[in-house]
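Student: Below is a structure I'd like to ask you about.
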Amino acid sequence: MTPLAALLVRDMRIAMRVGGGALMGVLFFLVVVTLIPFAIGPDLVLLKRIGPAILWLAALLASLLALDRLFAGDHDDGSLDLILMGRAPLELVVAVKGFAHWLTTGLPLVICAPLIGLLLNLDLTSEGALMLTLIVGTPALTFIGLIGAAIAVTLRRGGLLLAVIVLPLTVPILIFGVAAANAAVTGPAPFGTPFMILCALTLASLVVGPFAAAAALRQEIE
Amino acid sequence: MRLTAVELVCHRGGRDVFSGVSFVVGSGEALTISGRNGAGKSSLLRMVVGLLRTTGGRIALEGGDPELSIAEQAHYLGHQDALKGSLTVAENLRFWAGFFGARSIDVREPLEAVGLSALAGLPAAYLSAGQRRRLSIARLIAAPRRIWLLDEPTSTLDAAARDRLADLMRAHLAGGGLILAASHGPIGLQKTEELRLDQTVAAGAAT
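Going line by line, the protein sequences match chains A and B.
In this note's numbering, each residue carries its 1-based index in the first sequence increased by 52.
In this note's numbering, each residue carries its 1-based index in the second sequence increased by 870.
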């Protein structure tokens, strides 16, 4: 097994065991979205109009939920020291950890989204489009979150700082993700343009995130 | 293989921890680093593997793989055990063996060597401090690397485990490895050089 494959398997195992972040993210997502119709009331037209935005916001918050432990957990028990001593490039190590995090927290959100979309009066085509925007957009949320997780690694209560650092950076993804989803749900604006920009943002964050996070982790070395 | 440090200086938190520390360790040799609390034993080890920046001086390795840094050829056994409580003993070890590029990820032999084979399926959260330390030591055997940096390896170990560790260290030295160990007491090896950090600050130089 190569070092990176070993890391992927290990991080996914930890996330899926008791106390891992995988289930927590999905449950949070489901609870938040379920509460919205109760708060707003059974106005089907309104729910349909704000549905994509709500699902996106909930996905954004849910994917940040477990992110603060991504490097802090390894830092606290000394694993990070040993990971830095590995032969795998730190950028790739960070990217693999991000990918494992997305597989265990981001992907379940995408899979749950159509189910929970029913509560928001979304029809089949809109749900397909929404799922498409989420599957493209959530990796970007995770990989931008990597930067915040790496900066907050040595802090005891890094979760809040993480949110403050990361949330502003996710604004473009939120804008174009919701724009694309809205275009599919309510029209008449085209779906393609915002979706392409969303794809571009994701590709950029897949590259920038690991490099920035690895640089931040190297700075933690005194 | 020779690990050389010349005139190392450590400056942390606005304070000079040590300066003018030099040493040479060759294949098959062990160097113990002693000194009072706060003398910089752990800092020195962390410096060798690049987890702490050197304020001055240099560290060089001759005869190693020129493509790899010192850290990439070394094992570091720190105060923290680098174990995940939710993973089993075998899973923890298998991960580190895989991550450090071990050819085989059969963990039975290393677990046998530290006397933990009966606990292979137990989540690491249930291990005692000594057992956790032994599992960390198993990592050194699971993925062979020539340089061992041990930070107080015998702390939390019972007499039997200390003897076992001494055997492992002797085998490592016999195989051409080298050991740097920070320790307050004897680590169970007969022929070791000793580097006292207290004196290096006072005299400004050492062996």
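Ideal Cβ placement from N, Cα and C applies to all residues, glycine included.
By DSSP's criteria, B:Leu-947 is part of a beta bridge. Which residues make up the other side?
Tutor: Counting from 1 along the second sequence, the entry for residue 947 of chain B is found at position 77. DSSP lists B:Leu-1020 as partners of B:Leu-947.
Student: Classify A:Pro-104 as helix, strand or coil using the three-state DSSP reduction.
Tutor: Position 52 of the first sequence, counting from 1, holds the residue named residue 104 of chain A. The answer is helix: DSSP assigns A:Pro-104 an H, G or I state.
Student: Specify, as a first and last residue, the run of the beta strand (DSSP E) that B:Leu-901 falls within.
Tutor: Taking the first residue of the second sequence as 1, we reach residue 901 of chain B at position 31. Per DSSP, B:Leu-901 belongs to the beta strand (DSSP E) from 900–904.
Student: Helix, strand or coil for B:Ser-889, going by three-state DSSP, please let me know.
Tutor: Numbered from its first residue, the second sequence carries residue 889 of chain B at position 19. Three-state result, B:Ser-889: strand.
Student: Would a C-beta distance cut-off of 8 angstroms place B:Leu-1027 and B:Gly-898 closer than the cut-off?
Tutor: Here residue 1027 of chain B refers to the residue found at position 157 of the second sequence. Here residue 898 of chain B refers to the residue found at position 28 of the second sequence. Taking 8 angstroms as the Cβ cut-off, B:Leu-1027 and B:Gly-898 do not qualify as a contacting pair.
Student: On the three-pair Cβ rule with 8 angstroms, is the stretch 1048–1066 of chain B touching the stretch 970–987 of chain B?
Tutor: No, the stretch 1048–1066 of chain B does not touch the stretch 970–987 of chain B.
Student: How would you write the range of the beta strand (DSSP E) that B:Val-876 sits in, first residue to last?
Tutor: Taking the second sequence and counting its residues from 1, one reaches residue 876 of chain B at position 6. First-last of the beta strand (DSSP E) with B:Val-876: 872–882.
Student: Taking Cβ positions only, does B:Lys-954 come closer than 8 angstroms to chain A?
Tutor: Taking the second sequence and counting its residues from 1, one reaches residue 954 of chain B at position 84. Yes, B:Lys-954 counts as interfacial toward chain A.
Student: With a threshold of 8 angstroms between beta carbons, is B:Phe-970 in contact with chain A?
Tutor: Position 100 of the second sequence, counting from 1, holds the residue named residue 970 of chain B. Closer than 8 angstroms to some Cβ of chain A, the Cβ of B:Phe-970 qualifies, so yes.
Student: Excluding the 5 residues flanking A:Ile-106 on each side, which residues of the same chain have their C-beta closer than 7 angstroms to its C-beta?
Tutor: For this step, residue 106 of chain A is matched to residue 54 along the first sequence. Excluding positions up to five away in sequence, the list reads Val-85, Ile-88 and Leu-172.
Student: Using 8 angstroms as the limit for Cβ to Cβ distance, is A:Leu-75 near chain B?
Tutor: On the first sequence, residue 75 of chain A is found 23 positions in, with the first residue counted as 1. No, no contact with chain B.
Student: Kindly give me the distance between the Cβ atoms of B:Ile-1017 and B:His-945, rounded to whole angstroms, as I take these residues to be in contact under 8 angstroms.
Tutor: In the second sequence, residue 1017 of chain B corresponds to position 147, counting from 1. In the second sequence, residue 945 of chain B corresponds to position 75, counting from 1. About 7 angstroms separates the two Cβ atoms, so the contact holds.
Student: Answer with yes or no whether the minimum CB distance from B:Glu-979 to chain D is below 8 angstroms.
Tutor: Here chain D cannot be found, since the structure's protein chains are A and B.
Student: Around the C-beta of B:Glu-1022, are 16 or more other C-beta atoms found within 10 angstroms, so that it is buried, or is it exposed?
Tutor: Indexing the second sequence from 1 puts residue 1022 of chain B at position 152. Flag for B:Glu-1022 reads buried.
Student: For B:Arg-1032, which option in B:Gln-1001, B:Ala-994, B:Thr-1062 and B:Ala-1012 has the closest C-alpha, if you only look at C-alpha atoms?
Tutor: Along the second sequence, read from residue 1 onward, the residue named residue 1032 of chain B stands at position 162. Ranking B:Gln-1001, B:Ala-994, B:Thr-1062 and B:Ala-1012 by Cα distance to B:Arg-1032 puts B:Gln-1001 first.
Student: Does A:Met-137 get closer than 8 angstroms to chain B when you measure Cβ to Cβ?
Tutor: Walking along the first sequence from the start, residue 137 of chain A turns up at place 85. Output row for A:Met-137: interface = yes.
Student: Answer with buried or exposed for A:Val-216, where buried requires no fewer than 16 other C-beta atoms within 10 angstroms of its C-beta.
Tutor: Walking along the first sequence from the start, residue 216 of chain A turns up at place 164. With fewer than 16 other Cβ atoms within 10 Å, it is exposed.
Student: A:Pro-94: buried (16+ other C-beta within 10 angstroms of its C-beta) or exposed?
Tutor: If you number the first sequence from 1, residue 94 of chain A lands on position 42. The residue in question, A:Pro-94, is exposed, as its Cβ has fewer than 16 Cβ neighbours within 10 Å.
Student: Are the stretch 232–248 of chain A and the stretch 173–189 of chain A touching, with three or more C-beta to C-beta distances below 8 angstroms?
Tutor: Yes, they touch.
Student: Roughly how many angstroms lie between the CA atoms of A:His-127 and A:Val-205, to the nearest whole one?
Tutor: Counting from one through the first sequence, the residue named residue 127 of chain A turns up at place 75. Counting from one through the first sequence, the residue named residue 205 of chain A turns up at place 153. If I take the Cα positions, the gap works out to 7 angstroms.
Student: Contact between the stretch 148–162 of chain A and the stretch 234–248 of chain A: three or more CB pairs below 8 angstroms?
Tutor: At 8 angstroms Cβ cutoff, the stretches do not touch.
Student: Taking only beta-carbon atoms, is B:Gly-926 less than 8 angstroms away from chain A?
Tutor: The residue you call residue 926 of chain B lines up with position 56 of the second sequence. B:Gly-926 does not count as touching chain A.
Student: Within 8 angstroms (strictly less), CB to CB, does A:Ser-115 reach chain B?
Tutor: As a first step, residue 115 of chain A is located in the first sequence; it is residue number 63 there, counting from the start. Answer no: the Cβ-Cβ gap between A:Ser-115 and chain B never drops below 8 angstroms.
Student: Could you spell out the range, first to last residue, of the alpha helix (DSSP H) harbouring B:Glu-979?
Tutor: As a working note, residue 979 of chain B is residue 109 in the second sequence. Here the alpha helix (DSSP H) through B:Glu-979 covers 978–983.
Student: How close, in whole Å, do the beta carbons of B:Trp-966 and B:Ala-1012 come, if the pair is a contact with beta carbons under 8 angstroms?
Tutor: By 1-based counting over the second sequence, the position of residue 966 of chain B is 96. By 1-based counting over the second sequence, the position of residue 1012 of chain B is 142. Rounded, the Cβ-Cβ distance is 7 angstroms, consistent with contact.
Student: Quick check on B:Thr-958: does DSSP put it in helix, strand or coil?
Tutor: Position 88 of the second sequence, counted from the start, is the residue given in the question as residue 958 of chain B. DSSP places B:Thr-958 in strand when its eight states are reduced to three.
Student: So B:Leu-997 and B:Val-984 are in contact, right, with Cβ under 8 angstroms, and what is the actual spacing, rounded?
Tutor: The count along the second sequence starts at 1 and reaches residue 997 of chain B at position 127. The count along the second sequence starts at 1 and reaches residue 984 of chain B at position 114. Their Cβ separation, rounded to whole angstroms, is 12 angstroms, which puts B:Leu-997 and B:Val-984 out of contact at 8 angstroms.
Student: At 4 residues or longer, what runs of the alpha helix (DSSP H) sit wholly inside the stretch 151–192 of chain A?
Tutor: You should have 159–169.
Student: From which residue to which residue does the beta strand (DSSP E) around B:Gly-927 run?
Tutor: The residue given as residue 927 of chain B occupies position 57 in the second sequence. B:Gly-927 -> beta strand (DSSP E) spans 926–932.
Student: Once you ignore the five residues that flank A:Gly-169 on each side, which residues in its own chain have a CB closer than 8 angstroms to its CB?
Tutor: The residue labelled residue 169 of chain A in the question sits at position 117 within the first sequence. For A:Gly-169, where only same-chain residues beyond five positions count, the Cβ hits under 8 angstroms are Gly-103, Leu-107, Ser-178, Glu-179 and Leu-182.
Student: Do A:Ala-202 and A:Phe-81 have their beta-carbon atoms positioned less than 8 angstroms apart in this structure?
Tutor: Walking along the first sequence from the start, residue 81 of chain A turns up at place 29. Walking along the first sequence from the start, residue 202 of chain A turns up at place 150. No, they are not a contact pair.
Student: Examine chain A for any beta-carbon lying closer than 8 angstroms to the beta-carbon of B:Leu-922, and answer yes or no.
Tutor: If you number the second sequence from 1, residue 922 of chain B lands on position 52. At least one chain A Cβ lies under 8 angstroms of B:Leu-922.
Student: Any idea if A:Gly-8 is buried or exposed, counting beta-carbon neighbours within 10 angstroms, 16 or more meaning buried?
Tutor: Outside the shown range of chain A, which is 53 to 274, sits residue 8 of chain A, and nothing can be said about it.
Student: Going straight from the alpha carbon of A:Ala-264 to that of B:Leu-1065, what length do you get?
Tutor: Here residue 264 of chain A corresponds to residue number 212 of the first sequence, with the count starting at 1. Here residue 1065 of chain B corresponds to residue number 195 of the second sequence, with the count starting at 1. Cα to Cα, the separation comes out at about 39 angstroms.
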